[in-house]
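Numbering (the numbering used here), first residue to last: 13 to 174.
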């Protein structure tokens, strides 16, 4: 799938999920897509796209501007750095990696979100959304890997066979 088309589709799917199912735990479709693309490519379009997608997300959700940009850019850069050390071929490693990425991005997002308020923040359903949402992400990521698998791997200069 084209890089920009994939970003647009996951962005809209994530927005639709949050608009029409507001009380339910949600998968982080954009984060899972960025995770997959960062593990699959070596060009610099993915970190740039992660930054701009995060800025668009913050603008559309009325959040802290550049909050998601920094979190998603950090995710992409870490995944690209670890790309040589982590094995993405097996389902169990995909589940464990998606679980770790989901906990990290959701936890960092919550820390940055809670830092805007005083210490007497009302009790939220944060842990419920963290655990169930991370489980959804972990089960959805291997499916995304199977659907998005292709015979060519993009490079900075051209496409090369896997």
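We put the beta carbon where it would ideally sit given N, CA and C, even for glycine.
CB contact flag (residue i, residue j, <9 Å)
i, j, result
"residue 15", "residue 58", "yes"
"residue 149", "residue 111", "yes"
"residue 93", "residue 51", "no"
"residue 66", "residue 47", "no"
"residue 207", "residue 115", "Only positions 13 to 174 of the chain appear in this structure, which leaves residue 207 out of reach."
Secondary structure of residue i, DSSP reduced to three states
i, result
"residue 117", "helix"
"residue 106", "helix"
"residue 146", "helix"
"residue 140", "helix"
"residue 37", "coil"
"residue 76", "coil"
"residue 100", "coil"
"residue 154", "helix"
"residue 159", "helix"
Span of the alpha helix (DSSP H) around residue i
i, result
"residue 59", "57 to 73"
"residue 94", "79 to 94"
"residue 41", "41 to 52"
"residue 16", "15 to 32"
Straight-line gap, residue i to residue j (C-alpha atoms, nearest Å)
i, j, result
"residue 117", "residue 83", "7 Å"
"residue 30", "residue 49", "23 Å"
"residue 38", "residue 139", "13 Å"
"residue 54", "residue 121", "26 Å"
"residue 108", "residue 26", "22 Å"
"residue 34", "residue 28", "10 Å"
"residue 158", "residue 24", "21 Å"
"residue 134", "residue 86", "Bear in mind that a pLDDT of 48 at residue 134, under 50, signals an unreliable position, so the model cannot answer this."
"residue 56", "residue 155", "25 Å"
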